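Position one of the sequence shown corresponds to residue 11 (our numbering), numbered consecutively onward. The C-beta atom is built at its ideal place from N, Cα and C for all residues, glycine as well. Everything numeric in this text was worked out from a predicted model, so none of it was measured. What follows is a single structure, written as structure tokens, with notes after it.
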Amino acid sequence: MHGACWNSRLNLQGDTWVATDPGLVQKIVEALDVDGGSTLRRPVHTVGVGATGFFEPSDVAPDYCIAPHFLAARTAVTMRFSNGIGVVEPHDGWSDVRGMAVRFHLEDGMATDLIAMTLPVFFAPDPETFLEFATSARPRPCRRQTAREKIIGYLHLRLPMPDPYPGQTERANEPAIAFADKVDWAKAAVLDASSIGAPVSYVREAYHAVHTFIVTGRDGQERHVRFAWQPVAGVLKMQPGEVFTDGVVTPNPAAEPIAEYLQKDLGRRLADGIERFTLTMTIGETGDPFDDSTRRWPLHRRRIMMGTLTLDRLVADQEQGCERLSFNPCLLPETGIRASNDPVLALRRTAYAFSSKRRGAIPCPFSGSRDTT
Ligand code: HEM
Numbered sequence: 011m012h013g014a015c016w017n018s019r020l021n022l023q024g025d026t027w028v029a030t031d032p033g034l035v036q037k038i039v040e041a042l043d044v045d046g047g048s049t050l051r052r053p054v055h056t057v058g059v060g061a062t063g064f065f066e067p068s069d070v071a072p073d074y075c076i077a078p079h080f081l082a083a084r085t086a087v088t089m090r091f092s093n094g095i096g097v098v099e100p101h102d103g104w105s106d107v108r109g110m111a112v113r114f115h116l117e118d119g120m121a122t123d124l125i126a127m128t129l130p131v132f133f134a135p136d137p138e139t140f141l142e143f144a145t146s147a148r149p150r151p152c153r154r155q156t157a158r159e160k161i162i163g164y165l166h167l168r169l170p171m172p173d174p175y176p177g178q179t180e181r182a183n184e185p186a187i188a189f190a191d192k193v194d195w196a197k198a199a200v201l202d203a204s205s206i207g208a209p210v211s212y213v214r215e216a217y218h219a220v221h222t223f224i225v226t227g228r229d230g231q232e233r234h235v236r237f238a239w240q241p242v243a244g245v246l247k248m249q250p251g252e253v254f255t256d257g258v259v260t261p262n263p264a265a266e267p268i269a270e271y272l273q274k275d276l277g278r279r280l281a282d283g284i285e286r287f288t289l290t291m292t293i294g295e296t297g298d299p300f301d302d303s304t305r306r307w308p309l310h311r312r313r314i315m316m317g318t319l320t321l322d323r324l325v326a327d328q329e330q331g332c333e334r335l336s337f338n339p340c341l342l343p344e345t346g347i348r349a350s351n352d353p354v355l356a357l358r359r360t361a362y363a364f365s366s367k368r369r370g371a372i373p374c375p376f377s378g379s380r381d382t383t
């Protein structure tokens, strides 16, 4: 990969950030560890699959952002889809947040990453409160509520818990909801996450980069923006008790657990053709929360279509060419995009570097190591 070159030309954005306490970073990453995980793998988004392709900017993209991948006609991409849960066994059929980490290979061996997930907002506005959340909202054994429990819940004006998906034995819904009952900033993400469901395919989900970034347009104007990927094929999920076969969602009367289908689905799709996402960029306005990814922006904000991502093949060596990679949301180009002052974004720079080192991955550009390959 291109890592050796990044270290000599890093854009650390250090001036605008308060350094994150390394002890806190370690505590936070360790708080993500769960039974069934491994310190040799990612502590979250543990199971994933890599693909390659290219990004082509829209005609208007450079007017709004002069980062190299919006100026070049085409930029090669390596990306990884993932399940959010931190266990090494695949649980594709469980209700879970999914991830999409995209690396744009810029000219001269440079790179920039865009990391996104299926929730539009995050659970915590700063590192300390995220640690509280991660410590409280740990996965626990789950079961289907009886009809009686649901009716009693309704009478107490409590929403019923969604039914677990076939074979789903644990989830963080219950403790996360108990936490969000007490803490306002967690409510939006927890509510979305508790009913997020299982996708029929990684390419039938929309993914949000959540944080605010500051982009510079061709005329030098700076704007606060949020990026998201929209699947060209449209979003399609399964409900508990359904399966996706031959392109159609149908009942799964046997309620068989479906442990593993997302990687095969992607392999089949890319063997037969291509898959596409469009990149949208929403422009924030004065008064919008720029440093707090727990809060949505109003729905009528201007949205620019920035380009199209085309995926055309699976990464041939998934272990070396994908699982051992280290993405980082703060790996940004030297021009055109910089980080906002969101403290969670700053934390992620060091948290991902710490995690990459711990699992012995190809070093993250922010790990301080020159030993990148
Ligand atoms: C307090 C905030 C967060 C912390 C501490 C955190 C921590 C981590 C860590 C430690 C990893 C594994 C990194 C590695 O070993 O390479 C990871 C992976 C990931 N995170 Fe986060 N994360 C946070 C917020 C987010 C947010 C806001 C998003 C979505 C925008 C996100 C999406 C992902 C994805 C998609 C991956 C998998 C990346 C890959 O495929 O390599 N995370 N996270």
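Item                                                                                                                     : Value
Simplified DSSP assignment, three categories, for N351                                                                   : coil
Proximity below 8 angstroms, CB of M98 to CB of S146                                                                     : For clarity, residue 98 is Val in the given sequence; the question names Met instead. Result no, Cβ atoms of V98 and S146 do not sit closer than 8 angstroms.
Start and end residues, beta strand (DSSP E) containing R113                                                             : R108 to H115
Spatial distance of G24 from A349 (CA atoms)                                                                             : Any answer about G24 is weak, because its pLDDT of 42 lies below 50 and its placement is not dependable; what the coordinates show is given next. The straight-line gap from Cα to Cα measures roughly 10 angstroms.
Beta strand (DSSP E) runs contained entirely in the segment 296-357, provided each spans 3 or more residues              : 313-324 and 347-349
Start and end residues, beta strand (DSSP E) containing D123                                                             : A121 to M127
As assigned by DSSP and simplified to three states, the class of Y271                                                    : coil
Ligand 1 heavy atom lying under 7 angstroms from the CB of Y362                                                          : yes
As assigned by DSSP and simplified to three states, the class of Q36                                                     : helix
S205 in three-state terms, based on DSSP                                                                                 : coil
Contact set for L116: own chain, Cβ-Cβ below 7 angstroms, skip 5 residues either direction                               : P78, H79, T85, T122 and P343
Same chain, Cβ closer than 6 angstroms to Y362, neighbours up to 5 away in sequence not counted                          : N338 and C374
Rounded C-alpha distance that separates G297 from V213                                                                   : 34 angstroms
Nonlocal neighbours in the same chain, by C-beta distance under 8 angstroms from I38, ignoring five residues either side : P137, F140, L141, A144, L357 and A361
Residue closest to F254, alpha-carbon to alpha-carbon, out of Q36, E40, M291 and D102                                    : D102
Cutoff 8 angstroms; reference P151; Cβ partners in own chain excluding five residues on either side                      : T179 and E180
Stretch pair the segment 280-289 + the segment 311-325: three plus CB contacts closer than 8 angstroms                   : yes
S146 beta carbon near ligand 1 (any heavy atom closer than 7 angstroms)                                                  : no
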